[in-house]
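Each remark here refers to the structure printed beneath this line.
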Amino acid sequence: MSDFADLPDPARLFERAACGLLLTDTNGLIRRVNATFCRWLGYQAEDLVDKRRVQDLFTIGGRVFHQTHLAPLLQMQGSVAEVQLDMRHADGHPIPMLYNTVRTQVDGQVFDEMAVFVATDRRKYEHELLLARKTAEQNLQALTVARQELRELNEELARADRKKDEFLATLAHELRNPLAPLRHVLEILKLKNSPDPQLVWAREVFERQMQQMSHLVDDLMEISRITQGRIELRREPTDVRAIMGAAVEASDAAIRAARHTLSLSPPSAAVMMNADPTRLTQILTNLLNNAAKYTPDGGSIWFEAEVDGGEVLLRVRDSGIGIAPDNLENVFTMFAQLEPGLPHSQGGLGIGLALVKGLVALHGGSVVAESAGIGQGSAFTVRLQVLELASADEPVEAAQPAPAATRGRRILVVDDNRDAADMLHMALGLLGHEVDCAYDGATALAMGESLLPDVMVLDIGLPDMDGYEVARRARTQAWGRKVVLIAATGWGQQTDRDKAQAAGFDHHMVKPIDFLRLDAVLKAS
């Protein structure tokens with residue numbers, strides 16, 4: 001047995017460790033750092049110790065993530081593990097690092113002990129992980145003498161895969177927290193309606209990136225639930241037209257940003273399904289977003305529905321980059337990023353179509369991909385059962401479309417955000433309603449007197465008078481005493497709901513408006 005005296009000096013072990021090692025105080029000030037870390041980042045120890053905070057070495061995005069996520073999490077649970085952030089080399093170029101830290105207390109003083117590793121691209125890691133599993137399975141069949149070793153390797157890979165899924169699920173859950181205030185900030189910026197072109201540009205970039213982030217987080221959450229078998233559908237009689245309208249609304253920003261032409265072909269009459277409207281909207285939104293991403297700017301997208309016997313076919317076609325015939329099945333595989341699609345992926349995780357397939361399967365349906373080949377566009381068709389309108393043990397009322405009296409309502413949408421108002425105009429028009437738009441309070445009151453609407457969807461933050469004042473004035477007019485008033489606002493506290501009720505509103509909805517909930521309110525009004 002070796003004598004400990006034969007080992008290298010502990011200080012040398014610290015300096016030459018295979019990872020970067022740091023000791024900081026709770027504010028991030030570096031108190032000690034090893035030579036490995038200094039070599040990776042291009043610094044001398046004296047440049048860092050007692051002079052720099054570790055968060056100052058992150059890129060701008062890393063600093064924000066440190067402040068909003070890592071620092072609070074470290075304070076709450078005392079440790080953070082396996083988080084990848086970019087650090088800035090002394091010469092300015094970013095280096096991907098895998099970040100681990102533990103908070104400790106020594107002689108009454110609190111320190112953060114950190115270990116960092118130079119990380120490779122996560123997508124490459126996942127690719128290598130899947131490749132290793134495939135290789136292990138092939139060797140297991142071919143080499144009987146190595147069966148036990150290969151079985152142990154496969155089990156280890158499975159554990160790593162589960163840890164990956166758990167990490168993705170945890171990451172998605174935690175990212176939801178900062179997304180909520182970001183969405184509120186965006187609504188405030190939109191209501192300010194600044195004429196400064198730079199601020200308008202920045203707001204539009206903010207909105208596109210936040211929508212992309214929200215979409216990725218939603219996909220991460222859902223794919224994790226599907227793989228763990230924790231999704232329960234909340235089925236209800238659902239109109240195909242309402243779902244198509246909701247999906248178009250959710251995908252509009254991505255389609256408009258790429259200057260695509262969207263052609264809609266909804267059913268001419270109500271087509272009812274026994275489906276989960278939220279999940280079905282996710283399915284179609286993912287297909288529309290996929291078409292927008294993989295179609296060169298200025299392309300065409302077709303969104304169609306048709307009834308085939310007892311089934312409804314929902315199809316999204318595009319004029320995009322197409323799919324090679326031998327890859328048509330692979331597009332539904334998790335993390336699939338097929339060439340030549342990879343340059344068009346816009347940072348996606350490659351799980352959108354896997355999510356579509358999983359959610360369609362939960363509904364008892366099927367989804368297929370079709371393409372004539374590279375450069376020939378593609379089509380995705382979802383096939384689902386149509387709801388039986390009557391049966392021996394189910395009342396007819398539960399399956400029939402809403403009565404004619406709730407259809408074809410005259411609706412006045414009031415919002416100074418023209419894009420938001422026009423989007424809602426298009427979505428409600430898909431359901432057969434007659435819709436007009438006003439972009440300020442005075443115009444809304446004048447149009448209300450001349451149009452005599454059945455419903456008004458009122459933004460609160462209007463430029464000339466707020467939505468509460470518009471509602472109060474409308475209620476004093478003969479035409480406004482019976483109109484259904486719906487408040488649309490970025491604020492959802494109880495005090496906001498109380499103010500809306502006091503002003504005469506019948507309903508209060510928080511932006512971005514849940515189109516399915518709005519449709520349900522219109523049907524019930």
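Just so you know, we're using our numbering here: the sequence shown kicks off at 1 and counts up by one. All residues carry an ideal CB built from backbone N, CA and C; glycine is no exception.
My output table needs one value for residue i: the three-state DSSP class, helix, strand or coil.
| i | result |
| --- | --- |
| Arg-383 | strand |
| Arg-235 | coil |
| Thr-26 | coil |
| Gly-20 | strand |
| Glu-15 | helix |
| Thr-406 | Low confidence applies here, because Thr-406 scores a pLDDT of 44, under 50, leaving its location unreliable and the question unanswered by this model. |
| Ala-115 | strand |
| His-69 | helix |
| Met-76 | helix |
| Gln-44 | coil |
| Pro-94 | strand |
| Asp-436 | strand |
| Gln-109 | strand |
| Leu-85 | strand |
| His-507 | strand |
| Asn-596 | Since the first residue shown for the chain is 1 and the last is 525, residue 596 is missing from the structure and cannot be characterised. |
| Arg-481 | coil |
| Leu-458 | strand |
| Asp-578 | Within the shown structure, residues of the chain are numbered from 1 to 525, placing residue 578 beyond reach of any answer. |
| Ala-305 | strand |
Going by C-alpha distance, which of the options is nearest residue i?
| i | options | result |
| --- | --- | --- |
| Met-114 | Asn-193, Met-456, Met-97, Ser-450 | Met-97 |
| Val-33 | Val-413, Ala-45, Tyr-439 | Ala-45 |
| Leu-57 | Phe-37, Gln-75, Leu-73 | Phe-37 |
| His-433 | Gly-62, Arg-88, Arg-241, Asp-107 | Arg-241 |
| Gln-501 | Lys-523, Arg-517, Arg-472 | Arg-472 |
| Asn-290 | Phe-117, Val-316, Gln-138, Met-465 | Val-316 |
| Met-447 | Val-248, Pro-296, Ile-411 | Ile-411 |
| Gly-245 | Leu-189, Glu-304, Glu-204 | Glu-304 |
| Leu-313 | Asp-276, Asp-9, Met-272, Pro-296 | Met-272 |
| Ala-269 | Leu-288, Asp-239, Leu-22 | Asp-239 |
| Val-368 | Thr-333, Leu-280, Val-54, Glu-329 | Glu-329 |
| Ala-250 | Asn-286, Glu-204, Arg-235, Pro-277 | Asn-286 |
| Leu-23 | Ala-90, Arg-88, Gln-105 | Gln-105 |
| Gly-461 | Arg-203, Leu-445, Asn-417, Glu-449 | Asn-417 |
Rounded to whole angstroms, what's the CA-CA distance from residue i to residue j? Just pull it up for me.
| i | j | result |
| --- | --- | --- |
| Thr-381 | His-507 | 37 Å |
| Pro-267 | Leu-431 | 10 Å |
| Arg-256 | Leu-262 | 9 Å |
| Asn-274 | Leu-384 | 9 Å |
| His-425 | Val-248 | 12 Å |
| Glu-397 | Ala-361 | For Glu-397, the predicted structure reports a pLDDT of 36, less than 50, and the residue's modelled location is therefore unreliable. A value from the coordinates is still provided. Answer to the nearest angstrom: the Cα atoms are 27 Å apart. |
| Ala-253 | Ala-427 | 14 Å |
| Ala-136 | Asn-154 | 7 Å |
| Leu-131 | Leu-157 | 11 Å |
| Ile-60 | Gln-198 | 20 Å |
| Arg-517 | Pro-237 | 14 Å |
| Glu-207 | Leu-522 | 28 Å |
| Asp-47 | Leu-13 | 21 Å |
| Ala-142 | Arg-88 | 47 Å |
| Gln-55 | Tyr-99 | 12 Å |
| Arg-39 | Gly-375 | 47 Å |
| Gly-352 | Arg-279 | 13 Å |
| Arg-159 | Glu-149 | 16 Å |
| Lys-293 | Val-200 | 23 Å |
| Tyr-43 | Val-331 | 45 Å |
Using a threshold of 8 Å, state whether the C-beta atoms of residue i and residue j are closer than that.
| i | j | result |
| --- | --- | --- |
| Arg-259 | Gly-298 | yes |
| Leu-284 | His-363 | no |
| Val-435 | Met-456 | no |
| Thr-101 | Val-118 | no |
| Arg-497 | Asp-454 | no |
| Val-510 | Thr-489 | yes |
| Val-470 | Val-386 | no |
| Leu-359 | Gln-477 | no |
| Phe-111 | Asp-50 | no |
| Ile-301 | Ser-378 | no |
| Gly-480 | Ala-474 | yes |
| Ala-503 | Tyr-468 | yes |
| Arg-235 | Asp-276 | yes |
| Leu-451 | Leu-485 | no |
| Gly-62 | Asp-86 | yes |
| Arg-103 | Gly-78 | yes |
So, is the C-beta of residue i closer than 8 Å to a C-beta in chain B?
| i | result |
| --- | --- |
| Thr-281 | Judged by its chain identifiers, the structure shown contains no chain B, having just a single protein chain. |
So is the beta-carbon of residue i under 7 Å away from any non-hydrogen atom of the ligand SAM?
| i | result |
| --- | --- |
| Trp-479 | Among the components of this structure there are no ligands whatsoever, and the ligand SAM is therefore not found. |
Open item on the list: I want to know whether the region 59-77 touches the region 7-21 - three or more CB-CB distances under 8 Å.
Closed with: no
Task: Given 8 Å, three or more beta-carbon pairs between the region 407-427 and the region 436-448 - done: yes
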